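Here is the structure we will look at.
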Amino acid sequence: MITYRPAAEELHYTFAARPPVATVKPGDVIEVWTQDCFGGLVRTEQDLPSQVCDLSKVNPVSGPFQVQGAEPGDTLALHFLSIVPSNDWGVSSTFPHFGALTSTHETATLQPPLDERVWRYQIKENEVIYEGSGGQWRLPMDPMHGTVGLAPGGGQAITSLTSGPHGGNLDTPEIRAGVTLYLGVNVEGALFGLGDGHARQGEGEACGVGVECAMTSTVAVELIKGVATPWPRIENDEALMSIGAVRPLEDAYRISHVDMTRWVQELTGLGELDAYQFLSQAGTARIGNVCDPAYTVLARLEKRFLPGGAPAVYGGVHGRFRA
């Protein structure tokens with residue numbers, strides 16, 4: 014197993030074709046430590062992010078990792094074996110002019126901005142627990158990575174705060190232990206990175222911030238040669254998911270469902286309209302986030318509904334990774 018714990022100066026804030034921190038082979042397993050989105054600087058309810066953070070450097074990513082043999086037109090499969098909080102605490106916050114339920118710079122109103130505030134959670138016994146002046150609540154822990162992506166093509170550098178075909182800040186709770194994330198390779202070596210661990214996050218990430226915490230994650234790496242994946246896709250034991258990432262929200266919905274229609278065609282041999290009809294009756298739509306520069310929507314389809322049963326997706330890569 015390859016273990017990587019970056020120093021603060023090794024963290025990055027973009028997905029780009031930069032020198033790798035390590036090279037892995039298909040079939041390797043890596044253990045990666047990731048910092049929280051605030052760089053570990055928000056630790057108490059008095060640590061307002063605007064005061065303790067450089068807000069031009071938030072959402073750090075560990076990596077990139079180069080994958081031997083990866084070329085444009087291939088698909089990288091990342092199977093998350095475990096995602097474990099590295100601390101016994103996590104934080105969340107609200108920001109002025111940020112979030113789904115407030116005036117923003119892009120949806121300006123005459124209402125005053127929300128206050129900046131921090132909530133500090135305890136993480137213990139598989140729960141996230143808030144006990145503060147505003148109230149008390151306990152929720153099941155559900156660790157996930159908000160940000161996983163590859164270097165984009167064309168010499169681009171894309172901020173880790175947004176998402177797109179390369180992955181990035183997808184902010185969906187579905188990137189949890191036990192899933193395989195499929196990403197289309199854009200440059201030689203793929204150059205993948207990850208970060209933005211959440212002890213849990215609701216669908217939509219309404220305030221724009223999950224229960225942010227440092228993570229230690231174990232990831233198995235596989236390479237699917239000669240198969241392109243246009244948008245991020247997820248597989249777990251029960252379902253297939255395709256992710257669209259763009260604004261407005263309805264276009265993110267369209268992207269994910271066009272991609273899922275194509276995926277159904279590939280898996281079942283159905284024609285385009287038949288696949289479209291099938292997805293219209295069998296599919297569900299889940300929202301990753303409605304706050305970031307690109308919104309994310311997941312088209313989700315239960316494998317048991319697929320005509321002819323559940324085929325071996327991508328040659329059964331997900332099944333080979335299961336414990």
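Here the working numbering is used: the first residue of the sequence shown is 14, the next is one more, and so on. For every residue, glycine included, the Cβ atom is placed at its ideal position computed from N, Cα and C. Values in this document were obtained by computation on a predicted structure and should not be read as measured data.
Beta carbon of residue i nearer than 8 Å to that of residue j
| i | j | result |
| --- | --- | --- |
| Ile188 | Leu194 | yes |
| Asn139 | Pro125 | no |
| Pro243 | Phe28 | no |
| Ala219 | Gly112 | yes |
| Pro156 | Met254 | no |
| Gly162 | Gly191 | no |
| Gly177 | Ala30 | no |
| Gln377 | Leu236 | The shown model of the chain, from 14 to 336, leaves out residue 377, and the question about it has no answer. |
| Pro324 | Leu280 | yes |
Three-way DSSP call (helix, strand, coil) for residue i in this model
| i | result |
| --- | --- |
| Asp209 | strand |
| Tyr134 | strand |
| Gly329 | helix |
| Pro62 | helix |
| Gln278 | helix |
| Glu248 | strand |
| Ala233 | strand |
| His110 | coil |
| Ile256 | strand |
| Gln290 | helix |
| Ser146 | coil |
| Arg204 | Correcting the residue type first, residue 204 is Leu in the shown sequence and not Arg. In this structure, Leu204 counts as coil in the three-state DSSP scheme. |
| Ile43 | strand |
| Glu23 | helix |
| Val303 | coil |
| Arg18 | coil |
Residue i to residue j span [Cα, whole Å]
| i | j | result |
| --- | --- | --- |
| Ser230 | Leu94 | 8 Å |
| Asp209 | Asp287 | 38 Å |
| Leu376 | Phe318 | With the chain covering 14 to 336 only, the question about residue 376 has no answer from this structure. |
| Asp184 | Asn302 | 6 Å |
| Trp150 | Lys137 | 13 Å |
| Gly53 | Asn182 | 18 Å |
| Val310 | Ala258 | 7 Å |
| Thr160 | Ser173 | 7 Å |
| Pro131 | Pro39 | Here the sequence assigns Val to residue 131, which means Pro is not the residue at that position. Between Val131 and Pro39, the C-alpha separation is close to 41 Å. |
| His118 | His110 | 6 Å |
| Gly76 | Val198 | 16 Å |
| Arg133 | Gly321 | 49 Å |
| Asn249 | Asp60 | 38 Å |
| Leu127 | Val222 | 14 Å |
Integer Cβ distance of residue i from residue j, believed to fall under 8 Å
| i | j | result |
| --- | --- | --- |
| Ile43 | Val234 | 7 Å |
| Val55 | His25 | Val55 to His25, Cβ: 20 Å. No contact. |
| Gln278 | Glu285 | 6 Å |
| Phe334 | His158 | Actually they are not in contact, since the Cβ atoms of Phe334 and His158 sit about 16 Å apart, beyond 8 Å. |
| Val34 | Glu23 | 7 Å |
| Glu251 | Glu201 | 34 Å between Cβ atoms; not a contact. |
| Ala298 | Tyr266 | 6 Å |
| Gly103 | Cys226 | 4 Å |
Original post:
Would you call the region 328 to 335 and the region 291 to 306 touching, i.e. three or more CB-CB distances under 8 Å?
Top reply: no
Original post:
Are the region 83 to 101 and the region 61 to 74 touching by the rule of at least three beta carbon pairs closer than 8 Å?
Top reply: No: fewer than three Cβ pairs fall under 8 Å.
Subject >> Meets three-Cβ-pair contact criterion under 8 Å: the region 95 to 104 and the region 38 to 52 >> reply: yes
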